[in-house]
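*Asks:* Residue numbers (the working numbering): 1 to 234. Glycine included, every Cβ here is placed at the ideal spot set by N, Cα and C. A quick note: this is a predicted structure, and the numbers were derived from the prediction, not measured.
1. Within 10 Å of its beta-carbon, does residue 142 have 16 or more other beta-carbons around it, so buried, or fewer, so exposed?
2. Can you list, in chain order, the stretches of the alpha helix (DSSP H) that have 4 or more residues and sit fully within the stretch 101 to 164?
3. So, at 7 Å on beta carbons, what are the nonlocal neighbours of residue 11 in its own chain, with the 5 sequence-adjacent residues on each side left out?
4. Can you tell me where the alpha helix (DSSP H) holding residue 80 begins and where it ends?
5. Please report the Cβ distance between residue 87 and residue 81, rounded to the nearest whole angstrom; I am assuming they are in contact, meaning their Cβ atoms lie under 8 Å.
6. Across which residues does DSSP place residue 32 in a beta bridge pair?
7. Considering only C-alpha positions, which residue in the set 158, 161 and 116 is nearest to residue 226?
8. Using 8 Å for Cβ pairs, my map puts residue 178 next to residue 122. What's the rounded Cβ distance?
9. Going by the DSSP bridge assignment, what does residue 58 pair with across the sheet?
10. Let me know the secondary structure DSSP gives residue 87 once reduced to three states.
11. Tell me whether residue 44 sits in a helix, a strand or coil according to DSSP, three-state version.
12. Measure the beta-carbon distance from residue 189 to residue 151 and round it to whole angstroms, keeping in mind my assumption that it falls under 8 Å.
13. Check whether the stretch 103 to 113 and the stretch 194 to 212 touch, using three or more Cβ-Cβ pairs below 8 Å as the test.
14. When you compare the CB positions of residue 69 and residue 7, do they come within less than 7 Å of one another, or not?
15. Pair every Cβ in the stretch 127 to 137 with every Cβ in the stretch 158 to 176, then say whether three or more of these pairs are closer than 8 Å.
16. Kindly give me the distance between the Cβ atoms of residue 195 and residue 168, rounded to whole angstroms, as I take these residues to be in contact under 8 Å.
17. Residue 199 by DSSP, collapsed to three states: which one?
18. Could you give the DSSP three-state label for residue 19: helix, strand or coil?
19. Cα separation between residue 192 and residue 41?
20. Skipping 5 residues on each side, what residues in its chain have a beta carbon closer than 6 Å to that of residue 217?
21. I need the straight-line Cα distance from residue 158 to residue 4, nearest angstrom please.
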């Protein structure tokens, strides 16, 4: 049996699932190493040589002189170019894909991530900053409204084709219950969720390395909140 080109280092987070979704949807074989936050493996010396930021995910392409790529958006772009999957052709279409990828990286992820942090980690520890909560929840809702408008008349963010823009955005936007952000009235966004919820390979991907259904509003939310806070302790 040949060794897969891609070695993925990741964990079960919204960013951590992005390359898993790509690799599963593209039917690319890969090796996976689970990074245990509880053991601070992301800060270990060997891992920091691959990813100087000490975060997940990271990939190593064995077929390209063990080239390491970190930052989830950069990983998706690298994989899309390597395998010629989920990236449109033509300069304008590729630019559009990059724009929506950056929209997720610079907007959806950071804003929803902060909404989650202040409500799911800080508040249970007695740091109840309502100003911060209102700020990040309101901005997250605004960004979801941007997605809703973009999806009007489209199956996916760029049109009829599933792309890395969808792969990057889905695990974050779909975790709106964890961020406690309402999607009421966002019919196009809800239809997009349903469409991707029905993709078996994506749904398999969000169980790897292990599922965390509470992010998507399922399971024992209270127990999951405690588990999540422990994973992300300082």
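*Replies:* On the basis of the coordinates in this document:
1. For the purposes of this step, residue 142 is taken as the residue at position 142 of the chain shown. Residue 142 is exposed by the Cβ-count criterion.
2. Fully enclosed alpha helix (DSSP H) runs of 4 or longer: 109 to 116 and 130 to 150.
3. Working through the chain shown from its first residue, we reach residue 11 at position 11. In chain order, 34, 35, 37, 56 and 209 place their CB closer than 7 Å to the CB of residue 11, counting only its own chain and leaving out the 5 sequence neighbours on each side.
4. Numbered from 1 along the chain shown, position 80 holds the residue referred to as residue 80. Where residue 80 is concerned, the enclosing alpha helix (DSSP H) starts and stops at 72 to 83.
5. Along the chain shown, read from residue 1 onward, the residue named residue 87 stands at position 87. Along the chain shown, read from residue 1 onward, the residue named residue 81 stands at position 81. Confirmed, Cβ separation roughly 7 Å.
6. By one-based count along the chain shown, residue 32 stands at place 32. According to DSSP, which records beta bridges pairwise, residue 32 is partnered with 8.
7. Here residue 226 refers to the residue found at position 226 when the chain shown is read from its first residue. Residue 226 has its Cα closest to that of 116, out of 158, 161 and 116.
8. Within the chain shown, numbered from 1, the residue matching residue 178 stands at position 178. Within the chain shown, numbered from 1, the residue matching residue 122 stands at position 122. Residue 178 to residue 122, Cβ: 14 Å. No contact.
9. Within the chain shown, the letter at position 58 stands for residue 58. Its beta-bridge partners are 9 and 70.
10. Mapped onto the chain shown, residue 87 falls at position 87. Three-state result, residue 87: coil.
11. The count along the chain shown starts at 1 and reaches residue 44 at position 44. If DSSP states are grouped into helix, strand and coil, residue 44 belongs with coil.
12. If you number the chain shown from 1, residue 189 lands on position 189. If you number the chain shown from 1, residue 151 lands on position 151. Residue 189 to residue 151, Cβ: 6 Å. Contact.
13. The stretch 103 to 113, when compared against the stretch 194 to 212, does not touch it at the 8 Å Cβ threshold.
14. Against the chain shown, residue 69 aligns to sequence position 69. Against the chain shown, residue 7 aligns to sequence position 7. No. Outside cutoff.
15. As far as the Cβ criterion goes, the stretch 127 to 137 does not touch the stretch 158 to 176, which means the pair count is below three.
16. If you number the chain shown from 1, residue 195 lands on position 195. If you number the chain shown from 1, residue 168 lands on position 168. About 16 Å separates the beta carbon of residue 195 from that of residue 168, a gap too long to meet the 8 Å contact definition.
17. Your numbering for residue 199 matches position 199 in the chain shown. In the structure shown, residue 199 sits in coil (DSSP, three-state: anything other than H, G, I, E or B).
18. Residue mapping note: residue 19 aligns to position 19 of the chain shown, counting from 1. Assignment of residue 19 by DSSP, reduced to helix, strand and coil, places it in the helix class.
19. One-based indexing of the chain shown puts residue 192 at position 192. One-based indexing of the chain shown puts residue 41 at position 41. The straight-line gap separating the alpha-carbon atoms of residue 192 and residue 41 is approximately 35 Å.
20. The count along the chain shown starts at 1 and reaches residue 217 at position 217. So the list reads 177, once near-sequence residues are dropped.
21. Translated into the one-based positions of the chain shown, residue 158 becomes position 158. Translated into the one-based positions of the chain shown, residue 4 becomes position 4. Within the model, the alpha-carbon separation for residue 158 versus residue 4 is close to 30 Å.
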